[in-house]
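The next block holds one structure in the form of structure tokens; read it before the comments.
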Amino acid sequence: MKIIVPGTTSNLGPGFDSCGLALNLYLTLKIGAETDSWIIHHQLGESIPKDETNLIIQTALSLVPTLTPRELWMESEIPATRGLGSSSAAIIAGIEMANQLAGLQLSDKDRVTLASNLEGHPDNAAPAILGDFVVASKIQDSVYAVKHTFPDTGILAVIPTDELLTKESRDVLPKTLNYAQAVQASSISNVMIAAVLANNLNLAGEMMGNDLWHENYRKDLVPHLSRIRSLAKNNGAYATFLSGAGSTVLILVPYSKLKELEQLLKEIFTDADVRQFSVEREGIQVKK
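This note's numbering puts the first residue of the sequence shown at 3, with every later residue one more than the last.
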């Protein structure tokens, strides 16, 4: 059995902790035979455990502590600590492993709720499970998510070699915003979402570049963001935004300008990985 979970980008500027988009890079978990103790084979480095302390196995056991150990194989195209949903993908793979092995018969809503509560917010978890563009909210332990088709567009990612821990990126955020700021930040987010639903990427992109919730507070941690945004805008991009907590920066760009901008970014940001992505429409898959 294989469980395939897509990576994600979240926030999309002003859709902070709420909006997310599934992308075509994947974590794949292959489930093998029963064993005496859990083992997970991978080539992702020494920092990621290969025993029952691995996040995937820990998540599965948190749901079903009596699961019989298995031999597992994991591959991941999702770089860790780069704002592309690596931890969400691992958590979701663990939830789905428990679901399949214990016959839990979880619905998509169950999956989204479990993953969001383990993650703390639904912006990565919901699109990884449902696919495409998702707007979600977590109210206490209940999660509400709506999926919609994201407009077809070119997507570029500038993925720095430097990691940025989510905790570090969250620690720079203010504890509160004043009422007027919050109202304006919310209205920008509302227009961004409405523009996406109306297939108007020009307007959506303008709103994505005017976030008031988080990007300004994180600018010192991601000094490349403003430079990429200026470069992308001057070369016809719809939008540039920080992917999740960073350090990856995502750019939405018309297909007609995609190759030219990709080449330019590769020439300038030689110490980063510049990649094309597309929207993953389906979300998590299980192949038996």
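For glycine and all other residues, C-beta sits at the position ideal for the given N, C-alpha and C.
* **First and last residue of the uninterrupted beta strand (DSSP E) at R277** => As a position in the sequence shown, residue 277 is number 275, starting the count at 1. Taken as a continuous stretch (DSSP letters only), the beta strand (DSSP E) holding R277 covers A274 to F279.
* Tell me whether T291 is buried or exposed, calling it buried when 16 or more other Cβ atoms sit within 10 Å of its Cβ. => For the chain, the structure presents residues 3 to 290; residue 291 sits outside this window and is missing.
* Any heavy atom of the ligand ZN closer than 7 Å to the Cβ of W75? -> What this structure holds is no ligand at all, so the ligand ZN is not there to describe.
* Apart from the five residues on each side of it in sequence, which residues of its chain come closer than 6 Å, Cβ to Cβ, to I253? -> Position 251 of the sequence shown holds residue 253. Result list for I253: L158, A234, A239 and T242, in chain order.
* Asked: What are the residues that DSSP puts in a beta bridge with A159?
  -> Counting from 1 along the sequence shown, the entry for residue 159 is found at position 157. Bridge partners of A159: L252 and R277.
* Asked: Since E36 is in the beta strand (DSSP E), which residue starts that stretch and which ends it?
  -> Locating residue 36 in the sequence shown gives position 34, counting from the first residue. First-last of the beta strand (DSSP E) with E36: C21 to E36.
* W75 bridges to which residues according to DSSP? -> By one-based count along the sequence shown, residue 75 stands at place 73. For W75, which the question treats as bridged, DSSP gives the partners K32 and H43.
* Determine which residues share a DSSP beta bridge with P8 and list them. => Along the sequence shown, read from residue 1 onward, the residue named residue 8 stands at position 6. Bridge partners of P8: Y28.
* **Terminal residues of the alpha helix (DSSP H) in which S88 lies** => Here the question's residue 88 lines up with position 86 in the sequence shown. Note, S88: alpha helix (DSSP H), S88 to A104.
* Given a threshold of 16 other Cβ atoms within 10 Å of its Cβ, counted over all protein chains shown, does Y28 qualify as buried or as exposed? -> For this step, residue 28 is matched to residue 26 along the sequence shown. Answer is buried; the Cβ neighbour count reaches 16.
* Beta-carbon contacts of N119 that lie in its chain and below 7 Å, excluding the five residues immediately before and after -> Within the sequence shown, residue 119 is the residue found at index 117, counting from 1. D143, listed in sequence order.
* To do: From the DSSP output, read off the bridge partner residues of S144.
  => Within the sequence shown, residue 144 is the residue found at index 142, counting from 1. Paired residues: I141.
* Rounded C-beta distance between N237 and K259? I'm assuming under 8 Å. -> Residue 237 sits at position 235 when you count from the first residue of the sequence shown. Residue 259 sits at position 257 when you count from the first residue of the sequence shown. Indeed, because the Cβ distance is near 6 Å, the residues count as touching under 8 Å.
* **Beta carbon proximity, I94 to chain C, threshold 8 Å** => Absent here is chain C; the protein component of the structure consists of one chain.
* Proximity below 8 Å, CB of V276 to CB of L25 -> Taking the sequence shown and counting its residues from 1, the one referred to as residue 276 is at position 274. Taking the sequence shown and counting its residues from 1, the one referred to as residue 25 is at position 23. No, the pair does not count as a contact, with Cβ atoms beyond the cut-off.
* Asked: In the structure shown, what three-state DSSP assignment does T242 receive?
  -> Along the sequence shown, one-based indexing puts residue 242 at 240. Here T242 sits in strand by DSSP.
* Asked: What runs of the alpha helix (DSSP H), each 4 residues or longer, lie entirely inside the stretch 164–223?
  -> 168–173, 181–199 and 203–210
* **From F135, M3 and L179, residue whose alpha carbon lies closest to that of N101** => For the purposes of this step, residue 101 is taken as residue 99 along the sequence shown, with counting starting at 1. If we check each option's Cα against that of N101, M3 comes out closest.
* Could you round the C-beta distance between P67 and S39 to whole angstroms and report it? I think they count as a contact, below 8 Å. => Residue mapping note: residue 67 aligns to position 65 of the sequence shown, counting from 1. Residue mapping note: residue 39 aligns to position 37 of the sequence shown, counting from 1. Actually they are not in contact, since the Cβ atoms of P67 and S39 sit about 15 Å apart, beyond 8 Å.
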